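Here's the structure we're looking at; comments come further down.
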Amino acid sequence: MKFSIIIYPITNYLNNLLAHLTLLGTPFILIPFIVIIESISLIYGSTFFIATGFHGIHVIIGTLFLSICLIRFYNIHFSSYVNHFGFEAAS
Numbered sequence: 904m905k906f907s908i909i910i911y912p913i914t915n916y917l918n919n920l921l922a923h924l925t926l927l928g929t930p931f932i933l934i935p936f937i938v939i940i941e942s943i944s945l946i947y948g949s950t951f952f953i954a955t956g957f958h959g960i961h962v963i964i965g966t967l968f969l970s971i972c973l974i975r976f977y978n979i980h981f982s983s984y985v986n987h988f989g990f991e992a993a994s
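Mind the numbering: the sequence shown is residues 904 to 994 in our numbering, read in order.
This is the structure we're talking about:
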């Protein structure tokens, strides 16, 4: 995502983009939990959990970060040229 999306008045595009990214991140959080529950009893369950655990944490934090940006966008916390670090870090 570009920083210019916030500066220029393309608010409908940014709103839809953040909402879709948050919705697309949710299955990436839920599906690995199902796989981990099924494979925890197998001999390679703990190795699989460690390998996918870091990616799962990454996806959870990213989805939460984008959700916070979406809430801030709905509450009009982004102005023309200030308070964009959170959005830049999330994107």
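Positions of the beta carbon are idealized from the N, C-alpha and C atoms, including for glycine. Treat the numbers as computed from the prediction; the structure is a model and nothing was measured.
In three-state DSSP terms, what is residue i?
i, result
"I979", "coil"
"H987", "coil"
Please go through the same chain and pick out, in chain order, the residues whose beta-carbon is closer than 6 Å to the beta-carbon of residue i, but skip the five residues on each side of it.
i, result
"G959", "P935"
"G965", "none"
Give every residue of the same chain whose Cβ lies closer than 8 Å to the Cβ of residue i, excluding the five residues on either side of it in the sequence, and list them in chain order.
i, result
"L995", "This structure leaves residue 995 out entirely; the chain is present only between 904 and 994."
Taking Cβ positions, are residue i and residue j nearer each other than 9 Å?
i, j, result
"T925", "V938", "no"
"V962", "I932", "yes"
Use the C-beta contact count for residue i: other C-beta atoms within 10 angstroms, 16 or more gives buried, fewer gives exposed.
i, result
"L879", "Here the chain covers residues 904 to 994 and nothing more, so residue 879 does not appear."
"A993", "buried"
Residues in the same chain with beta-carbon distance under 7 Å from residue i, minus the five sequence neighbours each way, listed in chain order, please.
i, result
"F957", "none"
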